[in-house]
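Participant:
Protein chains: 2
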Amino acid sequence: MDLLWRDADADPGGGTRRGARQGLDLDRIVRAAVELADAEGLAGLSMRKVADRLGFTTMSLYRHVPGRDQLVDLMRDAVLAELAEPPGTHDEGRGEERGEEHREGHGEGRGEGRGEGRGRGWRERLEASARQGWEIRRRHPWLAEARGVRHLPGPNAVAHYERMLAAVAGTGLSPSEVLAVVNLVGRFVDAEALQLVEAAEAERRSGVSDEEWWGARQALFERFERYPTITRLWEEGGYDHPEDSFAFGLARLLDGIELLVRRRSGAEVSDETRDETSGCRVCGTPVERPASGRPRAYCSPACRQRAYRERRAAGAPRTREAP
Amino acid sequence: MDLLWRDADADPGGGTRRGARQGLDLDRIVRAAVELADAEGLAGLSMRKVADRLGFTTMSLYRHVPGRDQLVDLMRDAVLAELAEPPGTHDEGRGEERGEEHREGHGEGRGEGRGEGRGRGWRERLEASARQGWEIRRRHPWLAEARGVRHLPGPNAVAHYERMLAAVAGTGLSPSEVLAVVNLVGRFVDAEALQLVEAAEAERRSGVSDEEWWGARQALFERFERYPTITRLWEEGGYDHPEDSFAFGLARLLDGIELLVRRRSGAEVSDETRDETSGCRVCGTPVERPASGRPRAYCSPACRQRAYRERRAAGAPRTREAP
DNA sequence: TACACCCTGTGTACGCCATAAACACCCAAG
DNA sequence: CTTGGGTGTTTATGGCGTACACAGGGTGTA
């Protein structure tokens, strides 16, 4: 914990920090561990291997890190630093290389959205955060494996969390709903990344076991005659050109969340929220914008009326039980 | 693999199966292992402990099971047998006790839906499958942990998979979309269960480390002053009465999927699909049913018109390429 | 300058894990 | 009776995290 949050504290540089050479060092350890985990997965990470990689004995690590679990916590946060700032906030040019290739598929039809202004749409921002998390997990798949153990959030993790919350906080959802939404999306990203790990793992253990694996698979698919739907989908080629499961899932998820947001607010939509939503405020049906005049907010009189009724009735956002 | 799928094969009962007492036995091993994992999690499962629990030496297990991984595969499928049949298909009353308490919150407003007929709604069926998976994972949280390793699906897993696919297959989505939807929901259930494991794990390691843990938490929350949104949500009580994260997530997910289904088909809605959707066929807005006469299918003339236009334009249901 | 101390790195050791290999037994088929 | 396979045991190997005692060197103080 102290180690995780030791940013502004201590470390004034006055110590023995001289030749910068052979001293073991928390950062060196963490960096070596990250490299190792990148290459061999979290299961392949051992104190021994980390120490070997640095040319020290195993136990030397324990002078700097309490134990393996805490090392993983540190690795997690070290890596999460990569998304520290969505490039474009102070921090004069340090010239890092950065991958920066994302934003490839972009879900479904839903237009690119021209939101550029200060507020941007919550959906756009939430999606961006999710994609950032996804990119990081593609570079460091073990991040997803590090779930399940005692997970102390570091400063970078919290910062990312805060950013996601901030994106959703302006939607008019209740506090607990905001949290639920962000957790949901976060878990989705992790779950998706876990699938990556699974695939990588399978690939690593390839070679000898691969034929056995595919033999089993083959035998399996022969048994599948009993399962009509699987067989049909197989024959129709559903497995040949699979969807991009991350993009697909994210789109569904955001659609579902958007529906909730619409249902909840529907009414007091300030213009900031408004110009990013692309459909009827009530039901989400895409609504054709007239050639001239003010763009329509509802797809139909029925929806407009419904919105009015809700505005009348609801008043308070039903968040907590009123006294 | 052979072990996993050894259902209808062999085992005619003609062997040495006599006193039914002290022989080690695959089923006994698997059962003991499941008990152990239920109690201590997958990490606490070791060949030694399983053997000890049965009163044999460690190595004796290897006479019946190739290794730990395969044992886990067997455990998984053994446990998945609990959802073999969604109670109500032949199988004369065996009088199992069964939990059967679910269906508590049921998402949001969305009416109970009276679907009882043969087809039932795809959403209802998919949701039921998801809840089944969820219930099983609440009984056996290690199921979620067993992801990530090489995962050979057993007959029960495949049966469940088939059931979910069948639920979605009638929606008019493309084959790859059907697969993506089912995978998405399946992963969601697992991810949600993983969170359970995490909590349980934290609870198990309680006692001494708990104060340290909460101490850290406390110190953490003091740092949170830097994060305005987190602080605000905290102060507004969002963390005090959290949403049921499974129910919430599932509702969002299904909403998103339903939107896709509507967008895809929109048109040729056969009556089977129809009487389960509770809202406007196009936009999903809840539509009040008139006191007398045929229930309305659209919330507004606009939506009716839109449906008509799409019906004109689309023609074929675009599910598979027509000859 | 001398002494003490602490910080860091090391070596050894323990207990846990999965599993390979060789051995012991018992029952049934030849 | 011999023989052989199924079954359980013993012993051993190599990997893991980490506790503990120790060593050496730089530093603060006398």
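For the record, the sequence lines run as chains Z and H.
In this text, residue positions in the first sequence follow the numbering used here: the first is 1, and each later residue adds one.
In this text, residue positions in the second sequence follow the numbering used here: the first is 1, and each later residue adds one.
We put the CB at the ideal spot given by N, CA and C, even for glycine.
1) Please list, in chain order, the chain Z residues whose beta carbon lies closer than 8 Å to that of Gly67 of chain H.
2) Should Asp330 of chain H be labelled buried (16 or more other beta-carbon atoms within 10 Å of its own) or exposed?
3) Using the Cα positions of Val72 of chain H and Arg137 of chain H, report the straight-line distance between them to the nearest angstrom.
4) Identify the contact partners of Thr58 of chain Z in chain H, using a Cβ-Cβ distance below 8 Å as the criterion.
5) Does any CB atom of chain Z fall closer than 8 Å to the CB of His140 of chain H?
6) Let me see if you follow: with CB-CB separation under 8 Å, is Arg137 of chain Z close to chain H or not?
7) For His140 of chain Z, count the other beta carbons within 10 Å of its own beta carbon; 16 or more makes it buried, fewer makes it exposed. Which is it?
8) Express the C-alpha separation of Ala167 of chain Z and Leu260 of chain Z in angstroms, rounding to a whole number.
9) By a C-beta neighbour count over all protein chains shown, 10 Å radius and 16 as the cutoff for buried, is Pro175 of chain H buried or exposed?
10) Under the three-state reduction of DSSP, which class applies to His64 of chain Z: helix, strand or coil?
11) Taking the straight line between their C-alpha atoms, what separation do you get for Val158 of chain H and Thr229 of chain H?
12) Since Leu165 of chain H meets chain Z, which of its residues come closer than 7 Å, beta carbon to beta carbon?
13) What are the boundary residues of the alpha helix (DSSP H) that includes Phe248 of chain Z?
14) Could you please give the first and the last residue of the uninterrupted alpha helix (DSSP H) stretch that includes Glu127 of chain Z?
15) Arg232 of chain Z: beta carbon under 7 Å from a heavy atom of the ligand NAP?
16) With 16 other CB atoms within 10 Å as the buried threshold, where does Ala169 of chain Z fall?
17) Whole-angstrom Cβ separation of Leu194 of chain H and Arg147 of chain Z, contact assumed at under 8 Å?
18) Look at the alpha carbon of Val227 of chain H and the alpha carbon of Pro155 of chain Z, and state the distance between them as a whole number of angstroms.
19) Report buried or exposed for Thr58 of chain H, applying the criterion of at least 16 other Cβ atoms within 10 angstroms of its Cβ.
20) Using a Cβ-Cβ cut-off of 8 Å, state whether Gln132 of chain H counts as contacting chain Z.
21) Give the DSSP-derived three-state secondary structure of Glu145 of chain H in the structure shown.
22) Between which two residues does the alpha helix (DSSP H) harbouring Pro228 of chain H extend?
23) CB-CB under 8 Å to Val178 of chain H, same chain, minus the five flanking residues each way: which ones, in chain order?
24) Do the region 244-258 of chain Z and the region 118-133 of chain Z meet, that is, are 3 or more Cβ pairs less than 8 Å apart?
25) Examine chain H for any beta-carbon lying closer than 8 Å to the beta-carbon of Gly44 of chain Z, and answer yes or no.
26) I'd like to know if Ser245 of chain H contacts chain Z, where contact means its C-beta is closer than 8 Å to some C-beta of that chain.
27) Quick check on Trp122 of chain Z - is its C-beta less than 8 Å from some C-beta in chain H?
28) Could you tell me which of H:Val79, H:Leu83 and H:Glu145 sits nearest to Arg163 of chain H, measuring between CA atoms?
29) With a cut-off of 8 Å on the beta carbons, I'd call Val50 of chain H and Leu61 of chain H a contact; round off their distance for me.
30) What is the C-beta distance between Phe188 of chain H and Leu143 of chain H, in whole angstroms, given that I count them as a contact (C-beta under 8 Å)?
31) State the CB to CB distance for the pair Leu54 of chain H and Arg28 of chain H, rounded to an integer number of angstroms; the pair is presumed to be in contact (CB under 8 Å).
32) Looking at the structure shown, is Trp5 of chain Z part of a helix, part of a strand, or coil, going by DSSP?
33) Taking Leu54 of chain H as part of the alpha helix (DSSP H), name the residues at either end of that continuous run.
34) Reducing DSSP to helix, strand and coil, say where Ala43 of chain Z ends up.
35) If Glu258 of chain Z and Arg123 of chain Z are in contact, beta carbons under 8 Å, what's the gap, nearest whole angstrom?
36) Is Ala51 of chain Z close to chain H? Criterion is C-beta to C-beta, closer than 8 Å.
Facilitator: According to the structure shown:
1) For the purposes of this step, residue 67 of chain H is identified with residue 67 of the second sequence, where counting begins at 1. Within chain Z, no residue comes near Gly67 of chain H; the closest Cβ sits about 12 Å away, beyond 8 Å.
2) In the structure as shown, chain H begins at 1 and stops at 323. Residue 330 of chain H is therefore absent and cannot be evaluated.
3) In the second sequence, counting from the first residue as 1, residue 72 of chain H sits at position 72. In the second sequence, counting from the first residue as 1, residue 137 of chain H sits at position 137. When rounded, the distance between both Cα atoms is 15 Å.
4) Translated into the one-based positions of the first sequence, residue 58 of chain Z becomes position 58. Those within 8 Å of Thr58 of chain Z in chain H number zero; the least Cβ separation is about 22 Å.
5) The residue labelled residue 140 of chain H in the question sits at position 140 within the second sequence. So, not an interface residue.
6) What you label residue 137 of chain Z is simply residue 137 of the first sequence in a count that begins at 1. False, the Cβ-Cβ gap to chain H never drops below 8 Å.
7) One-based indexing of the first sequence puts residue 140 of chain Z at position 140. By the 10 Å Cβ count, His140 of chain Z comes out buried.
8) Against the first sequence, residue 260 of chain Z aligns to sequence position 260. Against the first sequence, residue 167 of chain Z aligns to sequence position 167. For Leu260 of chain Z and Ala167 of chain Z, the distance between alpha carbons rounds to 15 Å.
9) Here residue 175 of chain H refers to the residue found at position 175 of the second sequence. Buried: at least 16 other Cβ atoms inside 10 Å.
10) Indexing the first sequence from 1 puts residue 64 of chain Z at position 64. Three-state result, His64 of chain Z: coil.
11) In the second sequence, counting from the first residue as 1, residue 158 of chain H sits at position 158. In the second sequence, counting from the first residue as 1, residue 229 of chain H sits at position 229. Cα to Cα, Val158 of chain H sits roughly 44 Å from Thr229 of chain H.
12) Here residue 165 of chain H refers to the residue found at position 165 of the second sequence. Under the 7 Å cutoff, chain Z gives Thr229, Ile230 and Leu233.
13) Locating residue 248 of chain Z in the first sequence gives position 248, counting from the first residue. First-last of the alpha helix (DSSP H) with Phe248 of chain Z: Ser245 to Arg264.
14) Counting from one through the first sequence, the residue named residue 127 of chain Z turns up at place 127. Segment Trp122 to Arg139, the alpha helix (DSSP H) holding Glu127 of chain Z.
15) Ligands in the displayed structure: none, and consequently the ligand NAP is not present.
16) Your numbering for residue 169 of chain Z matches position 169 in the first sequence. Buried, since its Cβ has 16 or more Cβ neighbours within 10 Å.
17) Mapped onto the second sequence, residue 194 of chain H falls at position 194. Mapped onto the first sequence, residue 147 of chain Z falls at position 147. Going by Cβ atoms, the distance from Leu194 of chain H to Arg147 of chain Z rounds to 6 Å, so yes, they are a contact pair.
18) Taking the second sequence and counting its residues from 1, one reaches residue 227 of chain H at position 227. Taking the first sequence and counting its residues from 1, one reaches residue 155 of chain Z at position 155. The question names Val, but residue 227 of chain H is Tyr in the sequence shown. Roughly 10 Å between the two C-alpha positions.
19) In the second sequence, the residue the question calls residue 58 of chain H occupies position 58. So Thr58 of chain H ends up on the exposed side.
20) Residue 132 of chain H sits at position 132 when you count from the first residue of the second sequence. Answer no: the Cβ-Cβ gap between Gln132 of chain H and chain Z never drops below 8 Å.
21) Within the second sequence, residue 145 of chain H is the residue found at index 145, counting from 1. DSSP places Glu145 of chain H in helix when its eight states are reduced to three.
22) Counting from 1 along the second sequence, the entry for residue 228 of chain H is found at position 228. Start and end: Pro228 to Glu235.
23) As a position in the second sequence, residue 178 of chain H is number 178, starting the count at 1. Around Val178 of chain H: Leu165, Val168, Ala169 and Thr171.
24) yes
25) On the first sequence, position 44 is the one that residue 44 of chain Z refers to. Closer than 8 Å: no.
26) Position 245 of the second sequence holds residue 245 of chain H. Yes, contact with chain Z.
27) Position 122 of the first sequence, counted from the start, is the residue given in the question as residue 122 of chain Z. No, its Cβ sits nowhere closer than 8 Å to a Cβ of chain H.
28) On the second sequence, position 163 is the one that residue 163 of chain H refers to. Comparing Cα-Cα distances from Arg163 of chain H to each of H:Val79, H:Leu83 and H:Glu145, the minimum goes to H:Leu83.
29) The count along the second sequence starts at 1 and reaches residue 50 of chain H at position 50. The count along the second sequence starts at 1 and reaches residue 61 of chain H at position 61. Confirmed, about 6 Å.
30) Within the second sequence, numbered from 1, the residue matching residue 188 of chain H stands at position 188. Within the second sequence, numbered from 1, the residue matching residue 143 of chain H stands at position 143. At roughly 14 Å, the Cβ-Cβ gap does not stay under 8 Å, so Phe188 of chain H and Leu143 of chain H are not in contact.
31) If you number the second sequence from 1, residue 54 of chain H lands on position 54. If you number the second sequence from 1, residue 28 of chain H lands on position 28. The pair is a contact, with the Cβ atoms about 6 Å apart (cut-off 8 Å).
32) Along the first sequence, read from residue 1 onward, the residue named residue 5 of chain Z stands at position 5. Of the three classes helix, strand and coil, the one that applies to Trp5 of chain Z here is coil, per DSSP.
33) In the second sequence, the residue the question calls residue 54 of chain H occupies position 54. That run of the alpha helix (DSSP H) goes Met47 to Leu54.
34) Looking up residue 43 of chain Z in the first sequence gives position 43. Coil at Ala43 of chain Z, not helix or strand.
35) Mapped onto the first sequence, residue 258 of chain Z falls at position 258. Mapped onto the first sequence, residue 123 of chain Z falls at position 123. Right, the Cβ-Cβ distance comes to about 6 Å (below 8 Å), so this counts as a contact.
36) Sequence index remark: in the first sequence, residue 51 of chain Z carries index 51 (1-based). Chain H contact via Cβ: absent.
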